[in-house]
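Q:
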Amino acid sequence: MQPVRIEILLNDRASQGVTRARNTVSGLSGDTKKANKDMEELNRTTQSMDKTIRRLAGAFAVKELISKIANVRGEVQQLEVAFRTMLGSAPKAIDCLLTKN
Numbered sequence: 010m011q012p013v014r015i016e017i018l019l020n021d022r023a024s025q026g027v028t029r030a031r032n033t034v035s036g037l038s039g040d041t042k043k044a045n046k047d048m049e050e051l052n053r054t055t056q057s058m059d060k061t062i063r064r065l066a067g068a069f070a071v072k073e074l075i076s077k078i079a080n081v082r083g084e085v086q087q088l089e090v091a092f093r094t095m096l097g098s099a100p101k102a103i104d105c106l107l108t109k110n
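In terms of my numbering, the sequence shown opens at residue 10 and continues consecutively.
(1) When you compare the CB positions of residue 89 and residue 74, do they come within less than 8 angstroms of one another, or not?
(2) Using the Cα positions of residue 30 and residue 38, report the straight-line distance between them to the nearest angstrom.
(3) Any idea what DSSP makes of residue 97, helix, strand or coil?
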């Protein structure tokens, strides 16, 4: 009867080990699913930040363009005043600015 008892003890210990292994695998599977969800959320957040940065960069570019246009307009006005003063009349100053001569 001794061999049967050893076999039962071995089977009992083995089944406990298998149960623990299954629980561990189940826990790891749950952790993996949670990690995948977290990665997907991080990906969505990164995409949202990318869109925001692109919009900010576009707005900054538009601001710079408007600023440069305003500066050029100011320089043209200064030249107009300078030519008006130099030539003595506004029509002559405008004609001088519009012609390439």
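Even for Gly, the Cβ is constructed at its ideal location relative to N, Cα and C.
A: With the structure as the only source:
(1) no
(2) 12 angstroms
(3) coil
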